[in-house]
Every structure is written in structure tokens, then in C-alpha cells.
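Student: Residue 14 is where the sequence shown starts when you use this note's numbering, and the numbers rise one by one after that.
Ideal Cβ placement from N, Cα and C applies to all residues, glycine included.
Remember, predicted model here, so these are calculated numbers, not experimental data.
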Amino acid sequence: MSDAKTALNLRFPDPAQRAAIAAAARQAGVSMQEYILSAAYDRATAVERRFLDGFQASMARSGAAFAAEPNSLDPSAEQRVAEQEAQRELVQHQQRGHAA
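1) Looking at the secondary structure, which residues open and close the alpha helix (DSSP H) in which Ser51 lies?
2) Hey, is the region 26-38 in contact with the region 47-58, meaning 3+ C-beta pairs nearer than 8 Å?
3) Let's see if you can read the secondary structure: which residues bound the alpha helix (DSSP H) around Arg39?
4) Skipping 5 residues on each side, what residues in its chain have a beta carbon closer than 7 Å to that of Ala41?
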């Protein structure tokens, strides 16, 4: 295993990209390594938050469905519209996730 003080090997095929990251790191007052790792962590936690938000919304919809009266097996027009809207939101959320 490598020493904890070993630097990351930062290679950038695009010199402009390296310069932009170096400038951003300087402005933030941190090393390029710390800047890149922090950005990666922020990205990962944003993905996690998005997943958890979607999961909570799904749980809320599921809970509402299970709490419904047993005689409401035939959904009303209003319930069908709500289900269609939830489906549209899910598809849009998935499309945004693939675009990110």
C-alpha cells in the first residue's frame, strides 16, 4: 500500500482544463488534489441526496397506496391522474439523472 503522503498523479490531456482547475483551487486556497477530491465528494453526495429524495417520494406514494380503503381497488379518475403525474415525474427524474 502506498504512503498516505503520496500525491495523486494528476494528468490532464487539456492544458486549459488543468489551468482552470489550478486557478479554482488557488482561489479556494487549497491544493489541486484537495479541490478535485472535494468536488468529487460533493458530486457523490449530491447523487446520494437525489436518490434519497426520490426514495422518500416513492415511500410516501407507497404508504398512501397501502393506507387506502380496501374498497378503493378501482382507482378514481383523480387517483389515475395522480399516478400518471407520479410516473411522469419519475421518468423526468431518470432522464435528468442520465444527463448529469
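Tutor: Short version:
1) Here the question's residue 51 lines up with position 38 in the sequence shown. Segment 45-80, the alpha helix (DSSP H) holding Ser51.
2) yes
3) Residue mapping note: residue 39 aligns to position 26 of the sequence shown, counting from 1. Run containing Arg39: 28-41, per the alpha helix (DSSP H) assignment.
4) For this step, residue 41 is matched to residue 28 along the sequence shown. Excluding residues within five positions, the ones whose Cβ falls inside 7 Å are Tyr48.
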